[in-house]
């Protein structure tokens, strides 16, 4: 009531009660003095409001006089900002339908807007005119502190509709930030199809190790069905040397249907393509700098190196130690020798004759699938699905991730499969895995906003130019005229090669680990519905 009476000049006169002929019940009621602090608030509320009205946020801005003058001038030129100032002074319309399109985005913030000295504020944040938004976006990103740091700085001082989206887009286009960005997270685990017989699918790799006092070259050949691997000494790294060793192993165990190797020059050459054609097997290579794509051979190399080192120090013959290792049951439940030869081999330990007699191991594909599901369940906890790329997509690429993690711009020229791509970088075409690629936004080209954009106060999207493919040169680590049918990435399934696959009925005795859930592609996001654990023993279908 005190505030309501401030607009009047009242003259108060005392009238005795007996002379007040029109006294009402309220005037006769006793006055409730209340608490002292309440009386203090009532007496001082007017002064508090007067002080708040006298506060000028523009005096507390931590900017130079030149920048302050620039904000005032651009605010005066912007028709939308001038309309906002008129609404602040005269009052806003009742509904947003009566507000012009250029100012409609500010309607929901109308109670927080104020005007002081030619500047519009939202609380204590400066409302930036349209023509200063790009400039101030670059200003808050001058330290290249990433999206989160840039947004925190901007949200503490500035405001305009769509500021968060515009800043995120500007940071995504920043080449300096992209060059020193963190590496990609690990993608979900992918495995090749499970073979149905020994030496149907093998992996190979070359490694160096100390043997008999000198550095020697070895070729490891591992069978995906049995985990049995051969270790062979190489005279050289020439294609003929590796092919000779492969012929000996294939004549002993049979021709494989698929051979997986890395992208080294000792495997990617004319001789190997001719060898694969003559011996009727498909040759698949992994992308450079992505050893996980050939993980089976990498694991065998690790075991072979460890056996070489330990046997050298203990004085045990390496081949005798390898014989014992081949008879050790692993996580599949049987030894590599038992799965390959259907029997254990004599290794010097006392054993019964029954263990040396042929007895095929049953349900090997089921056991392999159980082991893979458990491994994938734990591996995918920290994994994240990476976005697929298309031919012509601009990307950032890590050319040599083992020496430097810097990202440089490039363009996808061809997609070999969902994990391997050919990328054009400065005229040369490289093959890289998806973990070494990252989508790139083209640098925003400065344009003059159209009249409609000025009126709507919403920034326009700027299109980039068309990526022009360049004929590749022939430096090292470069793919040139690579036939996609001969050299493909590590396959996810073997059905495309018409290899028979076993689909047994699985009755595992061990508890199943849940497979990672794959989100369905819907028009809009939906909550994932999970049944309570108490219903797991009931069939609700």
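In my numbering, the protein residues as written are 70 to 610.
Here a beta-carbon is modelled for each residue, glycine too, at the ideal position from N, C-alpha and C.
Inset, instruction - Would you mind reading off the limits of the beta strand (DSSP E) that contains residue 309? - result: Sequence index remark: in the chain shown, residue 309 carries index 240 (1-based). Segment 308-322 is the alpha helix (DSSP H) holding residue 309; no beta strand (DSSP E) there.
Legend entry - Separation of residue 79 from residue 181, as counted between CA atoms: Locating residue 181 in the chain shown gives position 112, where the first residue counts as 1. Locating residue 79 in the chain shown gives position 10, where the first residue counts as 1. Between residue 181 and residue 79, the C-alpha separation is close to 34 Å.
Inset, instruction - Would you be able to state if there are at least three C-beta pairs under 8 Å between the segment 318-325 and the segment 266-277? - result: yes
Legend entry - Nearest-angstrom Cα separation, counted from residue 75 out to residue 114: Translated into positions along the chain shown, residue 114 becomes position 45. Translated into positions along the chain shown, residue 75 becomes position 6. Each residue's Cα considered, the two are about 12 Å apart.
Legend entry - Sheet register partners of residue 269 (DSSP bridge): One-based indexing of the chain shown puts residue 269 at position 200. Residue 269 is not bridged to any residue.
Legend entry - Identified DSSP bridge partners for residue 490: On the chain shown, position 421 is the one that residue 490 refers to. In the DSSP output, where bridge partners are listed per residue, residue 490 has 484 and 501.
Inset, instruction - With a cut-off of 8 Å on the beta carbons, I'd call residue 274 and residue 363 a contact; round off their distance for me. - result: Residue numbering aside, residue 274 sits at position 205 when the chain shown is read from its first letter. Residue numbering aside, residue 363 sits at position 294 when the chain shown is read from its first letter. With 8 Å as the limit, residue 274 and residue 363 qualify as a contact, their Cβ atoms being about 6 Å apart.
Inset, instruction - Use the C-beta contact count for residue 404: other C-beta atoms within 10 angstroms, 16 or more gives buried, fewer gives exposed. - result: By one-based count along the chain shown, residue 404 stands at place 335. Buried, by the Cβ-count rule.
Inset, instruction - Would you mind working out which of 471, 151, 341 and 479 sits nearest residue 460, comparing C-alpha positions? - result: Here the question's residue 460 lines up with position 391 in the chain shown. Ranking the options by Cα distance to residue 460, first place goes to 479.
Inset, instruction - Count the CB pairs spanning the segment 329-338 and the segment 476-493 that are closer than 8 Å, and state whether there are at least three. - result: no
Inset, instruction - Could you tell me which residues DSSP puts in a beta bridge with residue 377? - result: For the purposes of this step, residue 377 is identified with residue 308 of the chain shown, where counting begins at 1. Its beta-bridge partners do not exist; DSSP assigns none.
Legend entry - Residue nearest to residue 509 in terms of C-alpha spacing, selected from 465, 474, 486 and 497: Within the chain shown, the letter at position 440 stands for residue 509. Comparing Cα positions, the closest option is 465.
Legend entry - Burial state of residue 388 (16 or more Cβ within 10 Å): Translated into positions along the chain shown, residue 388 becomes position 319. By the 10 Å Cβ count, residue 388 comes out exposed.
Legend entry - Three-pair Cβ contact test at 8 Å for the segment 185-196 versus the segment 150-158: yes
Legend entry - Reference residue 252; option with closest CA among 455, 496 and 600: Working through the chain shown from its first residue, we reach residue 252 at position 183. Closest by alpha carbon: 455.
Inset, instruction - Mind checking which residues open and close the beta strand (DSSP E) that includes residue 185? - result: On the chain shown, position 116 is the one that residue 185 refers to. It spans 182-185 - the beta strand (DSSP E) in which residue 185 sits, taken as one unbroken run.
Inset, instruction - Taking residue 504 and residue 293 to be in contact with their CB atoms under 8 Å, please state how far apart those CB atoms are, rounded to whole angstroms. - result: Your numbering for residue 504 matches position 435 in the chain shown. Your numbering for residue 293 matches position 224 in the chain shown. That pair is no contact at about 22 Å.
Legend entry - Three-state secondary structure (DSSP) of residue 215: As a first step, residue 215 is located in the chain shown; it is residue number 146 there, counting from the start. Reduced to three states, the DSSP call for residue 215 is helix.
Inset, instruction - For the beta strand (DSSP E) containing residue 393, list its first residue and its last residue. - result: On the chain shown, position 324 is the one that residue 393 refers to. Segment 387-394 is the alpha helix (DSSP H) holding residue 393; no beta strand (DSSP E) there.
Inset, instruction - State the Cα-Cα distance for the pair residue 458 and residue 469, rounded to the nearest angstrom. - result: Position 389 of the chain shown, counting from 1, holds the residue named residue 458. Position 400 of the chain shown, counting from 1, holds the residue named residue 469. About 20 Å.
Legend entry - CB of residue 411 within 8 Å of CB of residue 433, strictly: The residue given as residue 411 occupies position 342 in the chain shown. The residue given as residue 433 occupies position 364 in the chain shown. No, the pair does not count as a contact, with Cβ atoms beyond the cut-off.
Inset, instruction - Name the one or two DSSP bridge partners that residue 290 has. - result: Translated into the one-based positions of the chain shown, residue 290 becomes position 221. The partner list for residue 290 (beta bridge, DSSP) reads 273 and 299.
Legend entry - Contact under 8 Å by Cβ, residue 372 with residue 341: In the chain shown, the residue the question calls residue 372 occupies position 303. In the chain shown, the residue the question calls residue 341 occupies position 272. No; because the gap between Cβ atoms is not below 8 Å, this pair is not in contact.
Inset, instruction - Just mark residue 209 as buried or exposed, buried being the case when its beta carbon has 16 or more other beta carbons within 10 Å. - result: The sequence position of residue 209 within the chain shown is 140, counting from 1. That one is buried.
Legend entry - Spatially closest choice to residue 148 from 172, 163 and 605, by CA coordinates: For this step, residue 148 is matched to residue 79 along the chain shown. Minimum Cα distance to residue 148 is reached at 172.
Legend entry - Bridge partners - residue 247, DSSP secondary structure assignment: Within the chain shown, numbered from 1, the residue matching residue 247 stands at position 178. Paired residues: none, contrary to the question.
Inset, instruction - Name the two residues that bound the continuous beta strand (DSSP E) containing residue 510. - result: What you label residue 510 is simply residue 441 of the chain shown in a count that begins at 1. That residue, residue 510, is in no beta strand (DSSP E); it is neither H nor E in DSSP.
Inset, instruction - Rounded to whole angstroms, what's the CA-CA distance from residue 563 to residue 214? Just pull it up for me. - result: Taking the chain shown and counting its residues from 1, the one referred to as residue 563 is at position 494. Taking the chain shown and counting its residues from 1, the one referred to as residue 214 is at position 145. Annotation note: pLDDT 41 at residue 563 (below 50); position unreliable, coordinate value reported separately. Approximately 46 Å between the Cα atoms of the pair.
Inset, instruction - Compare the C-alpha of residue 354 against each of 239, 174, 282 and 486 and name the closest. - result: Numbered from 1 along the chain shown, position 285 holds the residue referred to as residue 354. Minimum Cα distance to residue 354 is reached at 486.
Inset, instruction - Determine the extent of the alpha helix (DSSP H) in which residue 464 is found, giving its start and end residues. - result: By one-based count along the chain shown, residue 464 stands at place 395. Residue 464 -> not in any alpha helix (DSSP H); beta strand (DSSP E) instead, spanning 463-466.
Legend entry - Endpoints, the beta strand (DSSP E) within which residue 240 is located: The sequence position of residue 240 within the chain shown is 171, counting from 1. Here residue 240 belongs to no beta strand (DSSP E); instead the alpha helix (DSSP H) covers 232-242.
Legend entry - Span separating the alpha-carbon of residue 83 from that of residue 72: Position 14 of the chain shown, counted from the first residue, corresponds to residue 83. Position 3 of the chain shown, counted from the first residue, corresponds to residue 72. If I take the Cα positions, the gap works out to 22 Å.
Inset, instruction - State buried or exposed for residue 577, treating a residue as buried only when at least 16 other CB atoms are found within 10 Å of its CB. - result: Numbered from its first residue, the chain shown carries residue 577 at position 508. Note that residue 577 has pLDDT 40, beneath the 50 cutoff, so the model's placement of it is unreliable and no number is given.
Legend entry - Separation of residue 284 from residue 243, as counted between CA atoms: Here residue 243 is taken as the residue at index 174 of the chain shown, counted from 1. Here residue 284 is taken as the residue at index 215 of the chain shown, counted from 1. One C-alpha to the other measures close to 47 Å.
Legend entry - For residue 225, three-class secondary structure by DSSP: Here residue 225 corresponds to residue number 156 of the chain shown, with the count starting at 1. If DSSP states are grouped into helix, strand and coil, residue 225 belongs with the helices.
Inset, instruction - Classify residue 179 as helix, strand or coil using the three-state DSSP reduction. - result: Locating residue 179 in the chain shown gives position 110, where the first residue counts as 1. Looking at residue 179 - three-state DSSP - the assignment turns out to be helix.
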